[in-house]
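Mapping the sequence shown onto the numbering used here, position 17 (from 1) lands on 603, and the numbers just tick up by one. Here's the structure, in structure tokens; my notes come after.
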Amino acid sequence: SSSCKLFFPEDPVKIVRAKGQYIYDEHGREYLDCINNVSHVGHCHPDVIKAAHEQNQLLNTNSRYLHDNLVDYAKRLSKTLPEKLCTFYFLNSGSEANDLALRLARQYTKHEDIIVLDHAYHGHLTSLIDISPYKFRNLEGQKEWVHVAPLPDTYRGIYREDHKDSALAYANEVKKIIEQAQKRGRKIAAFFVESLPSVGGQIIPPAGYFHKIAEHVHQAGGVFVADEIQIGFGRVGKCFWAFQLQGQDFVPDIITMGKPMGNGHPIACVATTKEIAEAFADTGVEYFNTFGGNPVSCAIGLAVLDVIKKEHLQAHATQVGNFLMELLNQQKIKHPIIGDVRRGVGLFIGVDLIKDQEKRTPATEEAEYLITRLKREYILLSTDGPGRNVLKFKPPLCFTMDNAKLVVDKMDEILTDMERENTCEPIGKHH
Ligand SMILES: Cc1ncc(COP(=O)(O)O)c(C=O)c1O
């Protein structure tokens, strides 16, 4: 379908194989992958492939039979989570996980309404397009049960770095939304949020923001859903889950996982509390998912967890992420187009490009030009954010210091060229 889009549509890349943080086109040319947060522990990681192959040779079936892989995997996941999140559902995609989270929240609270952040994306199902301003703004619009809170972006949002308590100010916006909704007789089922809003432009919410919102949402009888689909599984380095950046004592009621979980194999999960799971079961309607939680998927999930641990990928993400941020901050001093290097965490870093310092106008065309030029240098990077001007670093976690240095050196060369030539004209086909 023409609705399906390619990266670099003018000159798409045809890839035939990949290894670690590198992918190779049909001519054998090597590209450095700074985009793929799904191939979390590295493309085609041998341990993950081996686990899939071995289990495939033995058995693959559904979760209507007992199987150790399913139980072992749930146990291993629960070790990474607060004790309260002890019930698991396995599924095939992030969208499926978020759709189930929506059902759980509504069933438990008996409320209907959902609060989301502006520019959020939570998946491609009808139910999720409805709670994804990033999508529904271009379609028929906002449903009466959906409420949109401002993005807690302290660089270009309504409360900025000079605000004395931006966490409180942004949380109060959510409080106001709840109060206004309640005045209209609406009842809040959930606050749905990506723990680090990625499509919104690699935003790092101010510390304390989630705690305050959870208080308001719980008071309104709703639950807190953390979407960890892009940023979970150690990407942020110092924590395994990004919601933990808000403080070890912060615990969502439901979390959803996907993308990196199977390193490319379709597997997703919802973790929640016993109370919420019991309320869902009380309907008497069974939950069955043909592929979710099959022994092969679980073997793969277990192998991914093993690799993260064995290769110390969390510590590695912190180390390489800090180095990359340091290099990017040096570039910020040199190139005025770099407005902000997000206070990144691990290998989740955004670089906000601007046309002017005062208004911080998004440098959309310049960002596009830069990533197109980088691609000519065999470096794949993408943009995001409402203005599509935020360079988004989310490479496989095996990304190295040398990789970071190479990307930033190339960026420096291209930005210097752009300043000299004062240009960001669309560039023609790859040659
Ligand atoms: C934050 C977030 N949630 C949910 C989804 C949906 O996941 P999937 O594409 O696996 O259905 C995505 C996918 O991009 C996402 O980025």
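From the three backbone atoms N, C-alpha and C, an ideal C-beta is built for every residue, glycine too.
Is residue i buried or exposed, if buried means 16 or more other CB atoms sit within 10 Å of its CB?
i                 : result
phenylalanine 796 : buried
lysine 1015       : Only weak support is given to the placement of lysine 1015: the predicted model assigns it a pLDDT of 38, under 50, and the value that follows is read from those uncertain coordinates. Classification for lysine 1015: exposed.
arginine 742      : buried
asparagine 622    : buried
lysine 750        : exposed
glutamine 643     : exposed
valine 993        : buried
arginine 603      : exposed
histidine 639     : exposed
valine 657        : exposed
phenylalanine 866 : buried
glutamine 805     : exposed
histidine 898     : exposed
histidine 613     : exposed
valine 803        : buried
proline 791       : buried
aspartate 868     : exposed
isoleucine 988    : Going by the sequence as given, residue 988 is aspartate instead of isoleucine. Answer is exposed; the Cβ neighbour count stays below 16.
asparagine 678    : buried
valine 871        : exposed
glycine 833       : exposed
lysine 845        : buried
serine 588        : exposed
phenylalanine 874 : exposed
Are the CB atoms of residue i and residue j nearer to each other than 8 Å?
i                 : j              : result
proline 881       : glutamine 693  : no
proline 838       : alanine 812    : yes
leucine 725       : serine 681     : no
phenylalanine 826 : threonine 666  : yes
glutamate 759     : proline 736    : yes
alanine 706       : glutamate 780  : yes
valine 809        : isoleucine 763 : no
isoleucine 894    : valine 634     : no
asparagine 684    : threonine 842  : yes
alanine 753       : glycine 794    : yes
isoleucine 817    : proline 738    : no
Identify the continuous alpha helix (DSSP H) that holds residue i and give its terminal residues.
i                 : result
lysine 696        : Lysine 696 -> no alpha helix (DSSP H), and no H or E assigned at all.
threonine 958     : 950–962
methionine 1004   : 987–1007
tyrosine 675      : Not the alpha helix (DSSP H): tyrosine 675 falls in the beta strand (DSSP E), residues 673–677.
phenylalanine 796 : 795–805
leucine 571       : Within the shown structure, residues of the chain are numbered from 587 to 1017, placing residue 571 beyond reach of any answer.
isoleucine 894    : 881–896
cysteine 843      : Here residue 843 turns out to be methionine, not cysteine, going by the sequence shown. Taken as a continuous stretch (DSSP letters only), methionine 843 belongs to no alpha helix (DSSP H), being part of the beta strand (DSSP E) at 840–843.
valine 931        : Unbroken run through valine 931: none, as it is neither H nor E.
aspartate 751     : From DSSP, aspartate 751 is part of no alpha helix (DSSP H); its letter is neither H nor E.
tyrosine 720      : 719–722
glycine 907       : 899–920
alanine 867       : 860–867
asparagine 646    : Taken as a continuous stretch (DSSP letters only), asparagine 646 belongs to no alpha helix (DSSP H), as it is neither H nor E.
I need the boundaries of the beta strand (DSSP E) containing residue i, first residue and last residue.
i              : result
tyrosine 608   : 608–611
isoleucine 935 : 935–939
arginine 772   : Here arginine 772 belongs to no beta strand (DSSP E), and DSSP marks it neither H nor E.
glycine 925    : 924–927
threonine 666  : It is not in any beta strand (DSSP E) - threonine 666 instead sits in the alpha helix (DSSP H) that spans 654–666.
CB-CB under 7 Å to residue i, same chain, minus the five flanking residues each way: which ones, in chain order?
i             : result
valine 937    : Leu914, Ile924, Val927, Val976 and Leu977
glutamate 999 : none
lysine 729    : Asp716
alanine 990   : Val906, Phe909, Leu910 and Leu913
lysine 860    : Cys672 and Thr673
leucine 933   : Arg821, Ala903, Val906, Gly907, Phe979, Lys980, Pro981, Leu983 and Phe985
proline 598   : Leu592
alanine 767   : Asp699, His733 and Ile774
To which residues does DSSP link residue i through a beta bridge?
i                 : result
valine 732        : Ile700
serine 968        : Lys978
phenylalanine 810 : Phe777
leucine 618       : Tyr608 and Ile965
cysteine 855      : Phe676 and Met843
glycine 601       : It should be pointed out that residue 601 corresponds to isoleucine in this sequence rather than to glycine. For isoleucine 601, which the question treats as bridged, DSSP gives the partners Asp611.
histidine 629     : Gly606
asparagine 849    : His851
Apart from the five residues just before and just after residue i, which ones in its own chain have a Cβ nearer than 8 Å to its Cβ?
i              : result
aspartate 619  : Ala604, Gln607, Tyr608, Ile609, Ser625, His629, Leu966, Pro981 and Pro982
histidine 1017 : With a pLDDT of only 32 at histidine 1017, under the threshold of 50, the placement of this residue in the model should not be trusted, and no figure is reported.
alanine 901    : Gly823
leucine 960    : Leu966, Leu967, Val993, Lys996, Met997 and Ile1000
proline 632    : none
serine 718     : Val702, Ala706, Tyr707, His708 and Gly709
leucine 888    : Ala637, Asn655, Asp658, Tyr659 and Arg662
Can you find the residues in the same chain that come closer than 6 Å, C-beta to C-beta, to residue i, ignoring five residues on each side of it along the sequence?
i            : result
arginine 772 : Asp699
proline 1012 : Its pLDDT being 48, under 50, proline 1012 is placed unreliably by the model, and the measurement read from it follows with that caveat. Contacts found: none.
tyrosine 617 : Ile609, Tyr964 and Leu966
Hey, does residue i have any beta-carbon neighbour from chain D nearer than 8 Å?
i          : result
lysine 665 : The structure shown contains no chain D, having only a single protein chain.
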